[in-house]
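**Q** Per numbering that gives the first Met the number 0, numbering of the sequence shown is gapless, rising by one per residue and ending at 102.
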Amino acid sequence: MSEIIILYVVIFLLVGIVTWIIYELIPKLLWCIPVAALIISASLLFKDINLSTSEPTFARKWEFYFHNDWSMGFYLFYLPIIVISVLTTVFAYLLKHVRSKSD
């Protein structure tokens, strides 16, 4: 259980640090964070699906990936990255909006 908590903390910190760096240096590219997270997670997910079984078609591999325990990587790793990146980006946009209102 502690490994999962450590994994989520690392994911949250890495996405948060990247969001903060882009917010400070290049705020116009803030929208790229969830898009990049989605593209990277999707490509890694498709790689995992292709490597998961020796079925000849992608449809069968997709079916077996989500039928068996192989999909735990999706639920424990890829999905949290996407959700956290979207939430931190929305938070950064809200912070940017509040700061612009106060000026």
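Built from N, CA and C at the ideal position, the CB exists for glycine as well.
For clarity, every value in this text was computed on a predicted model and none was experimentally measured.
Under 8 Å, with one C-beta from each stretch per pair, do the stretch 62-70 and the stretch 42-52 reach the 3-pair mark?
**A** As far as the Cβ criterion goes, the stretch 62-70 touches the stretch 42-52, which means the pair count is three or higher.
**Q** Nearest by alpha-carbon distance to V82: which of A36, S42, F57, G72 is it?
**A** Mapped onto the sequence shown, residue 82 falls at position 83. Nearest option by C-alpha distance: A36.
**Q** The alpha helix (DSSP H) with Y22 in it runs from where to where?
**A** The residue you call residue 22 lines up with position 23 of the sequence shown. It spans 1-24 - the alpha helix (DSSP H) in which Y22 sits, taken as one unbroken run.
**Q** Straight-line CA distance for I20 to K95?
**A** Here residue 20 is taken as the residue at index 21 of the sequence shown, counted from 1. Here residue 95 is taken as the residue at index 96 of the sequence shown, counted from 1. Going from the Cα of I20 to the Cα of K95 covers about 14 Å.
**Q** On the criterion of 16 or more Cβ atoms from any shown chain inside 10 Å, does T87 qualify as buried, or is it exposed?
**A** Locating residue 87 in the sequence shown gives position 88, where the first residue counts as 1. By the 10 Å Cβ count, T87 comes out buried.
**Q** Between I3 and L12, what straight-line distance do the alpha-carbon atoms span, to the nearest angstrom?
**A** By 1-based counting over the sequence shown, the position of residue 3 is 4. By 1-based counting over the sequence shown, the position of residue 12 is 13. If I take the Cα positions, the gap works out to 14 Å.
**Q** Does any heavy atom of the ligand GDP sit closer than 7 Å to the C-beta of L86?
**A** This structure lacks the ligand GDP, and indeed carries no ligand of any kind.
**Q** Going by beta carbon distance, what residues of the same chain come within less than 6 Å of Y77, once the five residues before and after it are set aside?
**A** The residue labelled residue 77 in the question sits at position 78 within the sequence shown. Once the five neighbours on either side are set aside, the close Cβ partners of Y77 are S40, L44.
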